[in-house]
Amino acid sequence: MSPATAGVLQLLALIAALALAYRPLGDHMARVYSSERHYKPEKWIYKAIGANPSAEMRWPAYLRAVLAFSTVSVLFLYVLQRVQGVLPGSLGFSSIDPDQAFNTAASFVANTNWQSYYGEQAMGHVVQTGGLAVQNFVSAAVGMAVAVALVRGFARSRTGELGNFWADLVRGTVRILLPISVIGAIVLVACGAIQNFAGIHEVGQFLGGTQQWNGGAVASQEVIKELGTNGGGYFNANSAHPFENPTPFSNLFEIFLILLIPFAMTRTFGRMVGNLRQGYAILATMATIWIAFTGLMMWTEFAHHGPALQAAGGAMEGKETRFGIAASSIFSVATTLTSTGAVNSFHSSYTGLGGGIQLLGMQLGEIAPGGVGSGLYGMLIMAIIAVFIAGLMVGRTPEYLGKKIGTREIKVAACYILITPALVLCFTAAAMALPTPGNSMANPGAHGFSEVLYAYTSGANNNGSAFAGLNADTQWFNSTIGIAMLLGRFLPMVFVLALAGSLAEQKPVPETAGTLRTDKPLYTGLLVGTILIITGLTYFPALALGPLAEGLAS
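Under our numbering, the first residue of the sequence shown is numbered 550, with each subsequent residue one higher.
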């Protein structure tokens, strides 16, 4: 069997597994977020934090709760890293420097998990499990809660109430993320991922010296890292490390975890708005882009353009021999089209065009299928833009799911889609213009520019992966990428919740013969085109200077 055929079979197996899980998980999440019942452990949590889970919130109150919780999380994780040196289970590691502690705290709370440090050489057991792993759960639950609030905006009418953030946060963690993570961790341990609290130990003799490894609760952190589209690895090699991702089966299972909730949330959306066909339309849009990007990535990597790659017989530099080109390509697209950022290969070693696909996947807004929660609300914003464009074409007021898309709604949606590109392009321009940041580039020319562009694209889009040729552990990059991550996470949420509140206050508009059917293939095609055109017009000049120039020069 050829490697390309094996890759296609893996992709088909992945699609089949996602299809089997789609309906039960999507319906389960709809029940979770629609239920009025509170389990006893959840009541204990509400009592501990002083929250009333039955109190409905309007969008400003919902936003304040999101920001308050996230602020406390950043401060807690920052302090935990700063005092690591005196904590038990620190493995002898010293406290984290202030700029790196800020960067890491911002990264994990923003669901980005960008890492400018070597995990096995910097973080002890307490910080890894009590700090980083906890944020993997709750930062994912925050994104899901905001998405559900927007869905309620479409589903409700003549009210500004969007639910209760604390109830959504706790239920998402306790009823969705925790049960799947327990099962997933058992699967990974069975595959060979480690799960312990061992200290540092020496392994064998290498070139006259010894190699040191430390253990950790890796399997449990690995599963929520993928399931919650977080991406931060226990080890610097991330999912290329055999302790995190031991076998080809575990590799495919981790890709499945990455895509599971983002795709299934389209079913949740359809169920909560009372129209499953609308959920299928969003699913079709996401799946079309994901499959197209995966096929294009596999083609570029198997084609291995360039004399060096042709002489080597393949683009295997930076890829694990356990996985090969196909599985690495599928993983790479899954992690950059979501806000995961986990890697099982060295993204900087992909072909020039392959690196461009990774960049473009993040620059789409990570909506195909995107991060847990963030992918759905990002796609719904694009759906509103597409409806508005269609309305301009036929000369009538646009409507979506029985809600009129007026001046206020389109202004909020426009602000949402402009925030991230502004952060990426402004920070990239500043880094290239100033003399000091350029010293961190390991490569000159187009590839070096791509390293910087990738770093800010990854940070502002809350992805977290890196080209890795860039030395980002400097005060400039730790600080600016940290700011980009926080602004890229929470500023869009302001507009998402404002839009949700505006939609919830409207009265439903009856469907007429002139209403655009947003559950048909024609609209799905319009939505795909809208996404690609808006992204292409925004980022094309920067892509032309980086990966496109490198790819065409190969």
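From the three backbone atoms N, C-alpha and C, an ideal C-beta is built for every residue, glycine too. All values reported here derive from a predicted model rather than from experimental measurement.
query: What residue ranges within the stretch 848-930 form continuous alpha helix (DSSP H) runs of no fewer than 4 residues, ordered along the chain?; result: 856-861, 873-886, 901-912
query: Quick check on DSSP: helix, strand or coil for HIS750?; result: strand
query: Below 8 Å on the Cβ atoms is my contact criterion, and I expect SER898 with GLU850 to pass it. Report the Cβ-Cβ distance as a whole number of Å.; result: About 10 Å separates the two Cβ atoms, so there is no contact after all.
query: Can the beta-carbon of PRO970 be found closer than 9 Å to that of GLN912?; result: yes
query: Comparing the C-beta of PHE618 with each C-beta of chain C, is any distance below 9 Å?; result: Protein chain content of the structure displayed is limited to a single chain, and chain C is not contained in it.
query: What does the alpha-carbon distance come out to for the pair THR956 and PRO984?; result: 43 Å
query: Are at least three pairs of beta-carbons, each pair with one atom in the stretch 1010-1026 and one in the stretch 948-966, less than 8 Å apart?; result: no
query: Exposed or buried, VAL943, counting other C-beta atoms within 10 Å across all chains shown (16 or more means buried)?; result: exposed
query: For TRP715, which three-state DSSP category applies?; result: helix
query: For ILE623 and ALA734, what's the separation of their Cα atoms in angstroms?; result: Note on residue identity: the sequence assigns Val, not Ile, to residue 623. Their Cα atoms are separated by approximately 26 Å.
query: For the alpha helix (DSSP H) containing ALA963, list its first residue and its last residue.; result: 956-982
query: Kindly indicate which residue of PHE618, PHE818, SER878 has the alpha-carbon position closest to the one of ALA689.; result: PHE618
query: Take ASP1068 and list the residues in its own chain whose beta-carbon comes closer than 6 Å to its own, dropping the five residues that flank it on each side.; result: ARG826, GLN827, ALA830
query: Can you name the residues that DSSP bridges to ASN763?; result: ILE749
query: Check LEU809 in the structure and name its three-state DSSP category.; result: helix
query: Quick one: what's got a C-beta closer than 7 Å to GLY873's C-beta in the same chain, skipping five residues either side?; result: PRO552
query: Suppose you measure from the CA of TYR588 to the CA of VAL581; what does that come to, to the nearest Å?; result: 11 Å
query: Taking the beta carbon of GLU803 as the centre, do at least 16 other beta carbons fall within 10 Å, making it buried, or is it exposed?; result: buried
query: Only counting runs of 4 or more residues, tell me where the alpha helix (DSSP H) segments fall wholly within the stretch 573-628, in order along the chain.; result: 589-598
query: What is the DSSP secondary structure of LYS953, counted as helix, strand or coil?; result: strand
query: Pick out whichever of PHE798, THR778, VAL723, GLU751 has its Cα sitting closest to the Cα of GLY741.; result: PHE798
query: Name the two residues that bound the continuous alpha helix (DSSP H) containing TYR1072.; result: 1070-1094
query: Quick one: what's GLU710 bridged to in DSSP?; result: ARG607
query: Between SER665 and ASN652, which are expected to be in contact by the criterion C-beta below 8 Å, what is the C-beta distance as a whole number of angstroms?; result: 6 Å
query: Grouping DSSP H, G and I as helix and E and B as strand, with all else coil, what is GLU948?; result: strand
query: By how many angstroms is the C-alpha of GLY987 removed from the C-alpha of GLN677?; result: 31 Å
query: Taking DSSP's pairing of strands, which residues face MET990 in a bridge?; result: LEU1019
query: Can you tell which of LEU1040, ALA876, PHE1044, ALA991 has its C-alpha closest to the C-alpha of THR554?; result: ALA876
query: Can you tell me whether ARG572 is buried or exposed, with buried defined as 16 or more other CB within 10 angstroms of its CB?; result: exposed
query: Determine the extent of the alpha helix (DSSP H) in which ALA690 is found, giving its start and end residues.; result: 682-704
query: Quick one: grab the DSSP three-state call for MET550.; result: coil
query: Does LEU1046 come out as helix, strand or coil in the three-state DSSP assignment?; result: helix
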